[in-house]
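Numbering (this note's numbering), first residue to last: -14 to 242.
No residue lacks a Cβ here, since even glycine has one placed at the ideal position from N, Cα and C.
The following block contains the structure:
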């Protein structure tokens, strides 16, 4: 079985600097795997264990950040057998429809039976790429999968945990599946896996080599800013009598008006 797992590199949150105008400076932020993609990688490893023989390719789309050797090794140490990076300077701030278009073209080139995606990216959290990818590839598409039950005879049985029930679904491959954040707990790579990651193949692709002509997105990202922080008044009301209740109501009215 050929498995592709989507991996996005996002800035480490603690390294992001909020400027005076609220804009975000990520120039010094260390790249890391999007937390939701860790679940997808772990799910890919689980499927490989179920089918016995499978090859997992980590597919990532982005700019020169993908050249970061530490980030590449982190991805490969978690189970993928190889990595393919589609890189271009114009891919710094791709939106979901653009990312899905590039991934679809690359997936056709690589070949696949199953594509696994995280619930969303750790920066935009648009939760669109998996669904868009499935539509572009014209294959069965599922989202919100919370458990991989079985994998055999070219089919997967999965579960989706809903608000008051659990769906059990059988999907015929090829397929694109987006997994939920609670599908698993990503394993921490051991030293042996980290050392082995350095020997795994990493391939690179360019838009021109893939024949991807990036069209204009229907949605444009104008800016990203940190939310304004409001100063807390820290008003403490002691007691539980009618006077204290009246004081609380008075404060609430001032805030709401």
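Beta-carbon spacing of residue i, residue j below 7 Å
| i | j | result |
| --- | --- | --- |
| residue -12 | residue 99 | yes |
| residue 19 | residue 131 | no |
| residue 222 | residue 232 | yes |
| residue 69 | residue 16 | no |
| residue -5 | residue 26 | no |
| residue 129 | residue 161 | no |
| residue 32 | residue 173 | no |
Residue i versus the options, residue with shortest Cα-Cα distance
| i | options | result |
| --- | --- | --- |
| residue 12 | 21, 26, 23, -3 | -3 |
| residue 122 | 65, 104, 152, 90 | 90 |
| residue 97 | 37, 43, 22, 166 | 43 |
| residue 104 | 163, 46, 227, 184 | 163 |
| residue 170 | 14, 24, 2 | 24 |
| residue 82 | 216, 218, 125, 111 | 111 |
| residue 93 | 220, 196, 146, 38 | 196 |
| residue 189 | 206, 52, 207 | 52 |
| residue 141 | 8, 30, 36 | 36 |
| residue 165 | 108, 21, 14 | 21 |
| residue 168 | -1, 30, 8 | 30 |
| residue 212 | 224, -1, 8 | 8 |
| residue 38 | 139, -1, 109 | 139 |
| residue 116 | 206, -8, 127 | 127 |
| residue 220 | 55, 226, 237 | 237 |
| residue 205 | 109, 55, 0, 184 | 109 |
| residue 95 | 217, 194, 234 | 194 |
| residue 40 | 149, 198, -14, 228 | -14 |
| residue 34 | 151, 135, 227, 235 | 135 |
Buried or exposed (CB count within 10 angstroms, at least 16 for buried), residue i
| i | result |
| --- | --- |
| residue 137 | exposed |
| residue 242 | exposed |
| residue 65 | buried |
| residue 176 | exposed |
| residue 230 | exposed |
| residue 191 | exposed |
| residue 182 | buried |
| residue 210 | exposed |
| residue 215 | exposed |
| residue 184 | exposed |
| residue -7 | buried |
Beta-carbon separation (whole angstroms), residue i vs residue j, contact threshold 8 Å
| i | j | result |
| --- | --- | --- |
| residue 307 | residue 144 | The structure shown does not extend to residue 307, since the chain spans only -14 to 242, so no value can be given for it. |
| residue 114 | residue 77 | Going by Cβ atoms, the distance from residue 114 to residue 77 rounds to 16 Å, so no, they are not a contact pair. |
| residue 101 | residue 5 | The pair is not a contact, with the Cβ atoms about 41 Å apart (cut-off 8 Å). |
| residue 74 | residue 48 | 6 Å |
| residue 46 | residue 87 | 5 Å |
Residues of its chain near residue i, where Cβ-Cβ distance is below 8 Å and the 5 sequence neighbours each way are ignored
| i | result |
| --- | --- |
| residue 179 | 58, 62 |
| residue 187 | 57, 61, 67, 68, 69, 70 |
| residue 225 | none |
| residue 217 | none |
| residue 0 | 11, 13, 14, 15 |
| residue 208 | 8 |
Cβ neighbours of residue i in the same chain (closer than 7 Å, five flanking residues each side left out)
| i | result |
| --- | --- |
| residue 124 | 159, 160, 161 |
Beta-carbon contacts of residue i that lie in its chain and below 6 Å, excluding the five residues immediately before and after
| i | result |
| --- | --- |
| residue 146 | 131 |
| residue 151 | 144 |
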